[in-house]
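*Asks:* Here you go, one structure.
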Amino acid sequence: MNRGSILIVDDEPSILDMCSRTLKREGYRVWSTGKGRMAISRAHQEQFDLLLTDVHMPGMSGLEVAQALRQIDPEVVCVTMTGFGTMDLAVEALKLGIDEFIVKPFTPDELVLTVSRAFEKKWLRRENARLKALIPLFELSKSFMATVDVQDLLQHVVQIARQETLADRASLLQSRGGSIGSDLYGWVSLPATSLSEAQQTLEAHIAGQVEKCRQPLVWPPAEAADDLAPANGADSFSGTLLASPLLVKERLVGVLVVSKENRSHPFTPSDSDLLSVLSGQAAIALENARLFAEIQKAYRELQALDHLKTEFINIAAHELRTPLAILIGYIGILADEVDENLRGWVAILDKSAMRLRSVVDDLFSLQALERGEACLRVGSFSLKEAVESAVADLQPLAEDKNHCIRVDIAPSLTWVRTDRNKFDTVLLNLLSNAIKFTPPRGEIRIEAQRTLDGFEVAVIDNGIGIPEEQQEIIFSRFYQIEESLTREHGGMGLGLSIAKGMVELCSGAISVQSEVDKGSRFTFALPQDWDTAFPPEDSQSF
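Everything in the sequence shown is counted per this note's numbering, starting at 24 for the first residue and increasing by one.
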């Protein structure tokens, strides 16, 4: 198991060999040399996690080697070996960022312990840097989620990327249809000055490579890679780039690129971690902004359609009322004038006209509810008489289907106090629905009882029932359970919507319990002050 890579520099062959053997045995990957300049040359070709170097060497000291390696890779851990433990040397080493000392002579166990401590410092330093980067990003995520304007969000992301990685420039390249390159359309950069042709070509090229691998990339790479080789003169750019993909469920929405003009100050692994986290947050925020824009557009379209529907209802109701009144009037005249042979036909006309009047009344009721024009006229009335009257009105429909209607009213319920017209409308709509959606020879029950703050009435049938997923929306306007093109039961789907509106206007509530093929129970509860419920001759209307 490779525990890390170590570069050892010491001009004493015996020390070099002992250190190399000991650390290889511990699982480290080791490369050793006796010359400082050769070590620096090797560090340009290969990345090392730790430098273990003697301090006093001919030609180039260990501290100079450490300083040179830190310029190549600021994250490298440095451990020095010395037999001269002076205060001046310690101060100079601290200034150069040396992590650990080991004094010669030392044992293999002491060497392993020193190297382990140095690696622990490296991991802790990197973890601290990661946490330090994540803390502001956590706070920034709140502002990301609150931003719904795409352009503002893009500017915010590139500003944070540039600021947190100490980059000279940051760019965000959006994709269309999950593709970068020729289909590139959202290129936001900070500072806003134009990119050089070389850098623009390079950024687009690296973004294309990120699109393919879906992983962060660094340019120039640590090792030569043909697929990262820039084209069209982009190799004239002397800086360094770090690019990270913006992914939403494996779908590419963009690439975030940061760059530094001076290659001697490369991006660190901590910068890569930070950019990855930032890219993830930015991708989610961009997707949320896109979805929000789509929802807003759909909502505006829905509002426009709803307005058109409302206008149609208003116009239709008003345009139908006058000719319908004339039609009903002449039907009444015909009923008195025609002979017995034609009265059956007139009865059919009258029934159809009443059905049309019911539809128009529903439209006006809905219009009044939507405009807030419906008013309450509260009074006391006999609940038993009101229920029996509704049953009598719909008895012909029930007899056509051989339904049995039973009424069960609690003995304590005599007079109730609410709006009688609203109550009748609700009960008639619920009872009509029960008759309509119950197969022939079915049973319908009307039950009424007192509650703590009023009374409730339930209409129960053993009809076709309502699927559970549709029980929340059956009170919507124009909604019917069956498909509109295969409706068998007629109606416009307004009855339950009107019933709900009437009940809520009376400060009540309506609910449904239903099971497919077993029936439904619609219950509406209305409040009242029992002390004010008295016979109608003593009541007042308002």
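Note that CB positions come from ideal geometry on N, CA and C, so glycine has one too.
Distance, Cα to Cα, Pro-239 vs Ser-293?
*Replies:* 13 Å
*Asks:* Which two residues bound the contiguous alpha helix (DSSP H) that contains Lys-523?
*Replies:* Counting along the chain, the alpha helix (DSSP H) containing Lys-523 begins and ends at 518–528.
*Asks:* Note down, in chain order, each residue of its chain lying with its Cβ closer than 6 Å to the Cβ of Pro-463, except the 5 sequence neighbours on either side.
*Replies:* Lys-424 and Asn-425
*Asks:* Excluding five sequence neighbours on each side, which residues of the same chain lie with their C-beta closer than 7 Å to the C-beta of Glu-506?
*Replies:* Note that Glu-506 scores a pLDDT of 48, beneath 50, so its modelled location is shaky and nothing firm can be said.
*Asks:* Roughly how far, in whole angstroms, is the beta-carbon of Val-88 from the beta-carbon of Ile-121, given that I think they are within contact range, below 8 Å?
*Replies:* So it is not a contact: roughly 11 Å between Cβ atoms.
*Asks:* For Met-104, which residues does DSSP report across the bridge?
*Replies:* For Met-104, the pairing in a beta bridge is given by DSSP as Asp-77 and Ile-125.
*Asks:* Measuring CB to CB, does Val-280 end up less than 8 Å from Leu-196?
*Replies:* At the C-beta level, Val-280 and Leu-196 come within 8 Å of one another.
*Asks:* CB-CB under 8 Å to Leu-451, same chain, minus the five flanking residues each way: which ones, in chain order?
*Replies:* Ala-413, Asp-416 and Leu-417
*Asks:* Note down the Cα distance separating Trp-146 from Glu-220, rounded to an integer number of angstroms.
*Replies:* 39 Å
*Asks:* The alpha helix (DSSP H) that contains Ile-38, what's its start and end?
*Replies:* 36–48
*Asks:* Mapping DSSP to helix, strand and coil, what is Ala-433?
*Replies:* coil
*Asks:* May I ask you to check if the CB of Lys-541 is nearer than 7 Å to at least one heavy atom of the ligand SAM?
*Replies:* The model on display carries no ligand, and the ligand SAM is accordingly not part of it.
*Asks:* Classify Phe-545 as helix, strand or coil using the three-state DSSP reduction.
*Replies:* Three-state result, Phe-545: strand.
*Asks:* Please report how far the alpha carbon of Ile-38 lies from the alpha carbon of Lys-272, in whole angstroms.
*Replies:* 53 Å
*Asks:* When DSSP labels each residue in this structure, what does Asp-484 get in the three-state scheme?
*Replies:* strand
*Asks:* Below 6 Å CB to CB, which residues in the same chain sit around Ser-28 once its five sequence neighbours on both sides are set aside?
*Replies:* Arg-52, Phe-71 and Asp-72
*Asks:* Would you check if the distance between the CB atom of Ile-483 and the CB atom of Glu-470 is smaller than 8 Å?
*Replies:* yes
*Asks:* Could you say which of Phe-545, Met-104 and Ser-84 lies nearest to Ser-455 if we only look at CA atoms?
*Replies:* Ser-455 has its Cα closest to that of Phe-545, out of Phe-545, Met-104 and Ser-84.
*Asks:* Can you tell me where the beta strand (DSSP E) with Ile-469 in it begins and where it stops?
*Replies:* 466–474
*Asks:* Following the continuous beta strand (DSSP E) through Phe-404, name the residue where it begins and the one where it ends.
*Replies:* 401–405
*Asks:* Do Ile-428 and Val-2 come within 8 Å of each other at the CB atom, strictly closer than that value?
*Replies:* Nothing can be reported for residue 2: it is not among the residues displayed for the chain, which extend from 24 to 565.
*Asks:* Determine which residues share a DSSP beta bridge with Thr-441 and list them.
*Replies:* Beta-bridge partners assigned by DSSP to Thr-441: Gly-402.
*Asks:* Check each candidate in Thr-105, Leu-357, Pro-81 and Arg-65 and name the one with the smallest Cα separation from Ala-91.
*Replies:* Arg-65
*Asks:* Taking DSSP as the reference, what is the three-state secondary structure of Gly-477?
*Replies:* strand
*Asks:* Please confirm whether Val-449 and Ala-522 have their CB atoms less than 8 Å apart.
*Replies:* yes
*Asks:* For Ile-428, name the three-state secondary structure that DSSP assigns.
*Replies:* strand
*Asks:* Work out the CA separation of Thr-76 and Trp-54 for me, nearest whole Å.
*Replies:* 12 Å
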